[in-house]
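Protein chains in written order, with this note's numbering: chain B, 2 to 288; chain W, 371 to 531; chain A, 19 to 784.
Don't be surprised by glycine CBs; every beta carbon is placed ideally from N, CA and C.
Bear in mind that the values here come from a model prediction, so they are computed numbers and not experimental data.
What follows is a set of notes on a single structure, which appears directly below.
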Amino acid sequence: MKRFEYHEPASLEEASRLLAELGATAQVLAGGTDLLVEIREHLRPVTHVVNIKRIPGLRDFACDDAQGLRVGALITAREVETSPQVARLFPNLVSAVGQLGSIQVRNRATVVGNICRASPSADTLPPLIADGARLSVFNGNGERSIALEEFFTGPGRTVLRPGEIVTGISVPPPGAHSGRAYIKHGRRKAMELATVGVAVTLEREAGHCREIRIALGAVAPTPIRAREAEALLRGEAFTPERVAAVAEAAMTESTPISNVRASAEYRREMVGVLTRRAITLAMEAIQ
Amino acid sequence: MSQIVSMTINGEERELALEPYRSLLDTLRNEGGLTGTKKGCDVGDCGACTIIMNGKPVNSCLVLAVEAAGAMIETIEGLQLAPDKPHPLQEAFMRYGSAQCGFCTPGIIMMAKALLDENPNPTEDEVRFGIAGNICRCTGYTKIIEAILATAADLQRAKSA
Amino acid sequence: MTIHDKTFESKFAVVGRSVKRSDTLEKVTGTACYAGDVALPGMLHGKTKRSTVAHAIIKRIDVSKALALKGVKAVLTHENVPRVLHYGSPHPRSASVTRDQYILDNRVRYWGEGVAAVAAISEEIAEEALDLIEVEYEPLPAVFTIEDAMRDGAPVIHDNGLPQNQVLPPVIVERGDVEKGFADADFVIEGEYELGRPTPAYMEPNICVAQWDGNGKLTFWSSTQTAFMVRGALAEVLGIPLNKVRVLVDHMGGGFGAKQDLFQHEFLCALLARETNRPVRMEFTRKETFLGGRTRHPGRIWLKQGFRKDGTITAREAKVLFNSGAYGSHGPGVTNVGTAALTSLYRCENVRLEGRCIYTNAPIAGAFRGYGVVQTYYALDLQMDEAAEKLGFDPAEFKLKNAVREGDIAPSNHPIVGHGLEDCIRRGMEETGWPAVRRHGRDTGVKRRGWGIGCEMHGSSAYPGIKEQGNAIVKMNEDGTVTLLTGTAGLGTGAHTALSQIVAEELGVPFETISVVQGDTDVVPWDIGAFASHTTYMGGRAAQIAAADVRRQVLAHAAPQLGATPEELTIRDGVIVVEGSNRSMTLAEAVAPQRGMPAIQLVGVGTYTPTKSYSFAAHFVEVEVDTETGEIRVLQVIPVHEIGKVIHPIAAQGQIEGGIQQGIGHTLSEDYVIDHQTGRSLNAGFVDYKMPLSMDMPPIRTIILETAPDPGGPYGAKGVGEDPIIAIGPAIANAVYDAIGVRFRRYPITPEHVLAALRTKKQEVA
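What follows is the structure in structure tokens.
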């Protein structure tokens, strides 16, 4: 591993100041499971590592019917995965975090870190976007709030400005008669980066789809909402033909690339298959 | 600049002088002299470096040694109950032929220990899920899973007896 | 999950029992010493700089900035290392390998080849120094496929006098009259089979530590399967005698064939240590283990066979084309063995086979479990499955009808011993309820299931390509305990345990009284290395011979003490008994020093020069295909193996289960891929090189038969190391056909291939 300087700020203000001063080659360390790999494999030039683990107040973790979910920046994927409350309200997120690396990785990796890494294939992103998550961002003076789906500008790139630190993420409580699902597609059952990830959250009312959000991972430079597909189902009945049309629309909205993991054509085709399957699973999950 | 960090390794308090960019894995192996923990990939993909840190299994290659300040670390070397008494998992791995080349073995045993600590009576699927981050290239996993399930059953029996 | 077959009940005291392996206590407690666990005072860390082009001349290489970095102790390039052409894989002068490598050359032939090496006081500094080495390349045209490399005007990768970038002259194998055979055929089938590039991906990255003493002697710890070959090659290239090189291998973390080669870093490490007069460790990163490692030979096989209506094979013709990558390594051996294998498995009197191996600017292909036979039997077994259907036979019955039999001439030109393959097929059919389990593509849902059978045979030992030799020394100590000295490496197969069992059996002593000395070329007898499924077969037989030698000496010594002749004595469980009497004494009593006398010297030496035996297997596999995503899942595997006398059942099962894991991998998901524009590797890591892991692996129900013991092996034992990886692939492909009615003439079979084929099939039906 390349040598770097190491900092352990005691407060958000100090961390923010350090990051702003040190510039782009200073990086935040929370779980470290991505950052240390990037340093070791020379994927990112890093001269300063700013460990935020000593900063108080970043370990909020609450989940209930009234407030929804709140996950602080230092909460690990494994904590979320093994929480019965999250499993009850957000099984899609539990499924996603449960497929992130291994248990060993999830004991270190944070959910917020998975978000900030801004990988188009990150597992937590589609379900969180489908559930309307928002990020709290400390900017040196105070906090601002950003909708997760507006957070990403490209692979590894976000709207964060120098010195800004994401302190946590919140998800509104699930709506009545709502169901949610996340399907990850990879070659293996574990230790995979998604070749395609599809999350669907929907609400049913009198046999019709009252609301639906479809979020796709690994098929565009950032995770995306398939809004045209959603519009085809919103207010409509869940007929097989209608669902097939939604799946078709989601395929059209995706702009995947070809790489060693899969061809663009295959990824697009899987968006169709998995969107259909995710809608079915989300329907089945409605209480 | 190297700094002095203290941590408890296998019950023994250690003070180690380390560079901040060194992984806990390298530190255990080099400064700590504990070479049972193996380096198979150094990027968190293979699980050969699995140790238990504050009760949780982690890849020691993905932890900076400085982050382990004050931590309780358990490695394969600390697992034996007494010098001539291997841990039941170690016994089972020998009995079932679960170690071939042995390079993944310490990491898998540590992962299995953490798994059984958390879930003393796992199903086969839960064991497969639990060790999904530990690559073994020799065994096809069959005998590893047999050994973990047999250990769980033995420990359960011992507890109820 | 595993069937312990009843045939394991035996007349033997130690052999055939799953005794506690002698190497596992260290492994499970973390005390086993691997090369990377060696740390020496003052040790430096070495790193290799690797090329970023696939084919080029090094115009200029400037190391001044690297040398100026604080903590850097030495830098090596082609300008300051000995220029000695060597056998990258060092079986001495064998026809299996090629002499075409330099430690560092002024030319690079593949992306990732080492061009310089650094030794520094820390790994981090060594790594930073690599970035400071400036290399200016003059690019040469590069070729990555066999077709491009064979084309007129293709760049010449090695100037060895052969046209079309051939590594060796074509291998031609002819038996009978193939024209007449095809003329006699009622039905002719041909096909072309595409082979991917799997890599062994052993868990322990390549690593070595070198230390020179004041007398100019090199001590060298390395993760290798062939310690004596490493010694020989280092001595030759460094220009020093063999007694000035000591190679140590205690435990090693897997090799699967590939760690028979000598790798660049092994020479570089020794040179860096000499240059700096300090110990040096060089360890591959996982990425380097891909880049600088060895793969199975990718390539293409064209196969044509003629059949009579009754299913008899009348003729077989094949053209085997292997992509050797940038260097020859085991190309000649793999091409010979893989091509010649097509003379057998399924009986055919008229055969014409041609094998070629071609240099390209791809990663180096080398030895990997299955050694050419994985490739050729994949093609052969798939085509047999297809022919069976076309001729109206059940595939298992068809393979049984054509299975190689006792007395048939094997690829090694020796007669086959026993009916191993037939027994395997019959037993598997019984076990699965064949043919009723087959689906014949009748499932109609999204997920469809099918069963397949794949067969193989494989030789123990590399004969006749390499004339091998196993050696052992057995010493009995004056308390009756026994020390076995063997040169065979402990790859993790349990070889040392098996050898100890054989010695214990032969001597009539408890297993626990045997201890093993191994892994030190200064101490143990010469050994060719652990490969070619020969360790138990050949090394075991040598140990048996050495033990028998000691037994003779012991009995001669004990006979007068018991007032009997040696012929009247037997040793059972460490006690020497006069047969038919109640006179006996323990071994310890018999060999103990007498008052005022020194201990007697009891040393037995065994040398065994084998020919070859063949082991057999039939694998039965159930798969499920998702017709929407194209994913194939293996649901269960029933491998049936005939391996002669089984020495350690659990270790033998472990070999089979592990081979199946690697075989499922290369058939469905493992493929080391390079960019065909630049030669750059695209998946040099465990995330994108997709090995099946715990959740992907199906249950495996292993059945081992002992119906065809080989007189050449100890107690009739044969090899098992390579067999399981050969049969599993065709079994999966044939099962996929049973599930969805599509035949894939390739591996890996990816989800994209499945979907594309299903689409084509749909169009054809429409």
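If you drop the 5 nearest sequence neighbours on each side, which residues of the same chain put their C-beta closer than 8 Å to that of residue i?
| i | result |
| --- | --- |
| D202 of chain A | G324, R326, T332 and A333 |
| G69 of chain B | L90, S171, V172, P173, P174 and P175 |
| Q654 of chain A | V639, E640, P716, P717, I718 and R719 |
Kindly list the residues whose CB is nearer than 7 Å to the CB of residue i, restricted to its own chain and excluding five residues on each side of it in sequence; keep chain order.
| i | result |
| --- | --- |
| T77 of chain B | G32, R107, N108, R109, A110 and T111 |
| Q288 of chain B | none |
| F239 of chain B | C210 and M284 |
| A148 of chain B | R135 |
| G734 of chain A | G662, K663, P727 and D728 |
Taking the alpha helix (DSSP H) that residue i belongs to, which residues open and close that run?
| i | result |
| --- | --- |
| D524 of chain W | T512 to S530 |
| E285 of chain B | A265 to E285 |
| M402 of chain A | V391 to L409 |
| Y755 of chain A | D741 to I758 |
| A245 of chain B | P241 to E254 |
| A358 of chain A | G349 to A358 |
| C117 of chain B | V112 to C117 |
| V572 of chain A | G558 to L580 |
| T42 of chain A | T42 to T47 |
| A288 of chain A | Q282 to T294 |
| T685 of chain A | P667 to L686 |
| L13 of chain B | L13 to L23 |
By DSSP's criteria, residue i is part of a beta bridge. Which residues make up the other side?
| i | result |
| --- | --- |
| V641 of chain A | A:G468 and A:V652 |
| Y105 of chain A | A:R117 |
| D80 of chain A | A:E152 |
| C226 of chain A | A:S240 and A:M300 |
| W320 of chain A | A:E210 and A:K337 |
| H334 of chain B | Nothing can be reported for residue 334 of chain B, as the shown portion of chain B is limited to 2 through 288. |
| S430 of chain W | BP columns for S430 of chain W are empty, so no partner. |
| P783 of chain A | The sequence shown places Val at residue 783 of chain A, rather than the Pro named in the question. Answer by DSSP bridge pairing: none, since V783 of chain A is not bridged. |
| D195 of chain A | Looking at the DSSP assignment, D195 of chain A forms no beta bridge with any residue, so it has no partner. |
| R145 of chain B | B:V138 |
| M475 of chain A | A:F634 |
| C375 of chain A | A:F340 |
| E444 of chain W | W:I422 |
| C64 of chain B | B:L70 |
| Q184 of chain A | A:I376 |
Starting from residue i, trace the beta strand (DSSP E) in both directions and tell me its first and last residue.
| i | result |
| --- | --- |
| A336 of chain A | I331 to G343 |
| T625 of chain A | L620 to Y626 |
| R498 of chain W | First-last for R498 of chain W: E494 to G500, but that is the alpha helix (DSSP H), not the beta strand (DSSP E). |
| H209 of chain B | H209 to G218 |
| M16 of chain A | Any property of residue 16 of chain A remains undetermined from this structure, which presents chain A solely from 19 to 784. |
| A134 of chain A | G132 to A138 |
| M494 of chain A | G488 to M494 |
Taking 9 Å as the CB-CB cut-off, is residue i touching chain D?
| i | result |
| --- | --- |
| S122 of chain B | Among the chains of the structure shown, chain D does not appear; the protein chains present are B, W and A. |
Mind reading off the beta-carbon distance from residue i to residue j? Whole number of angstroms is fine, and I expect it under 8 Å.
| i | j | result |
| --- | --- | --- |
| M247 of chain A | G547 of chain A | 6 Å |
| R444 of chain A | L418 of chain A | 7 Å |
| L388 of chain W | A435 of chain W | 5 Å |
Whose C-beta lies closer than 6 Å to the C-beta of residue i among residues of the same chain, with five residues either side of it excluded?
| i | result |
| --- | --- |
| Q86 of chain B | C64 |
| N115 of chain B | A123 and T125 |
| S362 of chain A | V422, A428 and P429 |
| V355 of chain A | Y389 and G390 |
| I374 of chain W | E385 and A387 |
Assign residue i to buried or exposed, taking buried as 16 or more other Cβ atoms, counted over all protein chains shown, within 10 Å of its Cβ.
| i | result |
| --- | --- |
| S372 of chain W | exposed |
| R569 of chain A | buried |
| D149 of chain A | exposed |
| R786 of chain A | The structure shown does not extend to residue 786 of chain A, since chain A spans only 19 to 784, so no value can be given for it. |
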